[in-house]
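Written below as structure tokens is the structure these notes are about.
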Amino acid sequence: AQKITQTQPGMFVQEKEAVTLDCTYDTSDPSYGLFWYKQPSSGEMIFLIYQGSYDQQNATEGRYSLNFQKARKSANLVISASQLGDSAMYFCAMREVMNRDDKIIFGKGTRLHILP
Amino acid sequence: KAGVTQTPRYLIKTRGQQVTLSCSPISGHRSVSWYQQTPGQGLQFLFEYFSETQRNKGNFPGRFSGRQFSNSRSEMNVSTLELGDSALYLCASSLASGVAKNIQYFGAGTRLSVL
Chain Z
1231 AQKITQTQPG MFVQEKEAVT LDCTYDTSDP SYGLFWYKQP SSGEMIFLIY QGSYDQQNAT
1291 EGRYSLNFQK ARKSANLVIS ASQLGDSAMY FCAMREVMNR DDKIIFGKGT RLHILP
Chain X
135 KAGVTQTPRY LIKTRGQQVT LSCSPISGHR SVSWYQQTPG QGLQFLFEYF SETQRNKGNF
195 PGRFSGRQFS NSRSEMNVST LELGDSALYL CASSLASGVA KNIQYFGAGT RLSVL
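For the record, the sequence lines run as chains Z and X.
All letters in the first sequence, in the order written, are residues 1231 to 1346 by my numbering.
All letters in the second sequence, in the order written, are residues 135 to 249 by my numbering.
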């Protein structure tokens, strides 16, 4: 079963608007971490933000925030005041810590286009 | 602090050949993971090395192998290349292993084309 689902293959957003990228996950492990990465056309994956399953508050990093809804198994990325440089692929990922198989699993990604 | 360095950036090989890709992690990071990224399959985990030991392995054939040296640098090898091995190969390093908050930092990748 797919563990990370990103339902938006592509999005077009006007510059300076806020953007929400959806991510839902599936796990039975009570301890897990959720990550968002940005991949520009250059190929490098850039770490954006982390949310732990036991964290009480939603994570924030500058213009990035993670809307963590544990009961719904949802971890949406919110980008405030989007910029042209935000155009890229965005990946949601999860690491489970159950047993020893704790590799990171990535979603299929959302391609974000910021329009001037 | 220098980031994760992958060499070479681009590689062209022919079917049947073998290839070795290199990854130098961030200083102090002891865990190195490798991923294959293709348009069809997305990002797929290959393997993770921690302190010179393979800790995790993805679902890839034995043609894909790796190793880690005492200085944490890692190499991955693909033998008997197939057309389907054409992909972006990403290396990621992290401080630890086996914990939820284990942030991986990626290199720019090696783009392998198999002709």
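Heads up, the beta-carbon is just placed ideally off N, CA and C, and yes, glycines get one too.
Residue span of the beta strand (DSSP E) that contains residue i, given as start and end
i, result
"X/Asn193", "Looking at the DSSP string, X/Asn193 is not in any beta strand (DSSP E), and its letter there is neither H nor E."
"Z/Phe1188", "With chain Z covering only 1231 through 1346, there is no way to say anything about residue 1188 of chain Z."
"Z/Phe1336", "1334 to 1336"
"Z/Arg1341", "1340 to 1345"
"X/Asn211", "208 to 212"
"X/Gly176", "176 to 184"
"X/Phe203", "Run containing X/Phe203: none; DSSP gives neither H nor E here."
"Z/Lys1268", "1262 to 1269"
"Z/Asn1306", "1304 to 1309"
"Z/Gly1282", "1276 to 1282"
"X/Lys147", "144 to 147"
"X/Thr141", "139 to 141"
"Z/Thr1250", "1249 to 1251"
"X/Val248", "244 to 248"
"X/Thr172", "165 to 172"
Which of helix, strand or coil DSSP assigns to residue i
i, result
"X/Gly218", "helix"
"Z/Gly1315", "helix"
"X/Lys235", "coil"
"X/Ile160", "coil"
Contact with chain Z by residue i, beta-carbon distance below 8 Å
i, result
"X/Phe179", "yes"
"X/Gln238", "yes"
"X/Ala242", "yes"
"X/Leu246", "no"
"X/Asn190", "yes"
"X/Gly176", "yes"
"X/Glu216", "no"
"X/Glu182", "yes"
"X/Leu222", "yes"
Rounded straight-line distance, which links the Cα of residue j to that of residue i
i, j, result
"X/Leu222", "Z/Phe1298", "31 Å"
"X/Ser185", "X/Trp168", "15 Å"
"X/Ser199", "X/Asn211", "5 Å"
"X/Leu249", "X/Arg143", "17 Å"
"Z/Ala1318", "X/Gln202", "31 Å"
"X/Gln151", "X/Leu217", "11 Å"
"X/Cys225", "Z/Gln1286", "31 Å"
"Z/Gln1313", "Z/Gln1269", "15 Å"
"Z/Asp1259", "X/Ser156", "33 Å"
"Z/Leu1278", "Z/Gln1244", "21 Å"
"Z/Ile1335", "X/Gly196", "21 Å"
Any chain X beta carbon closer than 8 Å to residue i
i, result
"Z/Glu1274", "yes"
"Z/Lys1338", "yes"
"Z/Arg1325", "yes"
"Z/Phe1298", "no"
"Z/Ile1334", "yes"
"Z/Phe1277", "yes"
"Z/Tyr1280", "yes"
"Z/Phe1193", "Nothing in the structure corresponds to residue 1193 of chain Z, since chain Z is present only between 1231 and 1346."
"Z/Gly1350", "Nothing in the structure corresponds to residue 1350 of chain Z, since chain Z is present only between 1231 and 1346."
"Z/Gly1263", "yes"
Residue i beta carbon near the ligand ATP (any heavy atom closer than 7 Å)
i, result
"X/Gln152", "Annotation note on the ligand ATP: not contained in the displayed structure, which lists no ligands."
Using 8 Å as the threshold, is the region 1291 to 1309 of chain Z in touch with the region 177 to 193 of chain X, meaning 3 or more CB pairs across them?
no
With three or more beta-carbon pairs closer than 8 Å as the criterion, would you say the region 144 to 154 of chain X touches the region 1263 to 1274 of chain Z?
no
Below 8 Å, can you find three or more Cβ-Cβ pairs linking the region 1234 to 1246 of chain Z to the region 1331 to 1341 of chain Z?
yes
Count Cβ pairs between the region 170 to 178 of chain X and the region 149 to 161 of chain X that sit closer than 8 Å; are there 3 or more?
no
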